[in-house]
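Peer 1:
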Amino acid sequence: MPSLVEMIQKISKRAVEESQPVAIVYGTVTGTDPLRINIEQKLTLEIAHLVLTNNVQDHMVEMSIEGGIKRNYTVYNKLQEGDTVILLRQQGGQKYIVLDKAVT
955 MPSLVEMIQK ISKRAVEESQ PVAIVYGTVT GTDPLRINIE QKLTLEIAHL
1005 VLTNNVQDHM VEMSIEGGIK RNYTVYNKLQ EGDTVILLRQ QGGQKYIVLD
1055 KAVT
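Residue numbers (the numbering used here): 955 to 1058.
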């Protein structure tokens, strides 16, 4: 028969697992207009469920070289169909942060 401590540990572990804590998952971009990402070959996420970082979208940066004139440059990071991405599932699984592209 399990001890009281072992039972509490089991219950605690199950409660954490069922609350769906933050997790890292991988996905594949299946469409770009509108953006769709398939994860675990069973769930397709659309833009309403995604939070994009600058690592996965086009954006402007201001730069200067050694104190020179500041200029704006466009960084082209937009996701393309077939890209593998690293996502961070927020607790509860309602939103996913698209952290970056995975390089294989």
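Every residue gets a Cβ at the ideal spot worked out from N, C-alpha and C, and that includes glycine.
Take P975 and list the residues in its own chain whose beta-carbon comes closer than 6 angstroms to its own, dropping the five residues that flank it on each side.
Peer 2: Here residue 975 refers to the residue found at position 21 of the sequence shown. Hits under 6 angstroms: Q1045.
Peer 1: Thinking E1035 and V979 are a contact (beta carbons under 8 angstroms), I'd like their distance in whole angstroms, please.
Peer 2: Looking up residue 1035 in the sequence shown gives position 81. Looking up residue 979 in the sequence shown gives position 25. Rounded, the Cβ-Cβ distance is 19 angstroms, inconsistent with contact.
Peer 1: For G1021, report the span of its beta strand (DSSP E) as first-last.
Peer 2: Against the sequence shown, residue 1021 aligns to sequence position 67. Looking at the DSSP string, G1021 is not in any beta strand (DSSP E), and its letter there is neither H nor E.
Peer 1: From R1025 to K967, what does the alpha carbon distance come to, in whole angstroms?
Peer 2: Indexing the sequence shown from 1 puts residue 1025 at position 71. Indexing the sequence shown from 1 puts residue 967 at position 13. C-alpha separation (whole angstroms): 52 angstroms.
Peer 1: Please state if the CB of V1057 and the CB of L1041 are separated by a distance shorter than 7 angstroms.
Peer 2: On the sequence shown, position 87 is the one that residue 1041 refers to. On the sequence shown, position 103 is the one that residue 1057 refers to. Not a contact, by the Cβ cut-off of 7 angstroms.
Peer 1: Secondary structure at V976, three-state DSSP: helix, strand or coil?
Peer 2: Walking along the sequence shown from the start, residue 976 turns up at place 22. It is coil, neither helix nor strand.
Peer 1: Can Y1027 and M1017 be called in contact, C-beta distance under 7 angstroms?
Peer 2: Translated into positions along the sequence shown, residue 1027 becomes position 73. Translated into positions along the sequence shown, residue 1017 becomes position 63. In contact: Y1027 and M1017 (Cβ atoms closer than 7 angstroms).
Peer 1: DSSP has M961 in a bridge; who is on the other side?
Peer 2: Looking up residue 961 in the sequence shown gives position 7. Looking at the DSSP assignment, M961 forms no beta bridge with any residue, so it has no partner.
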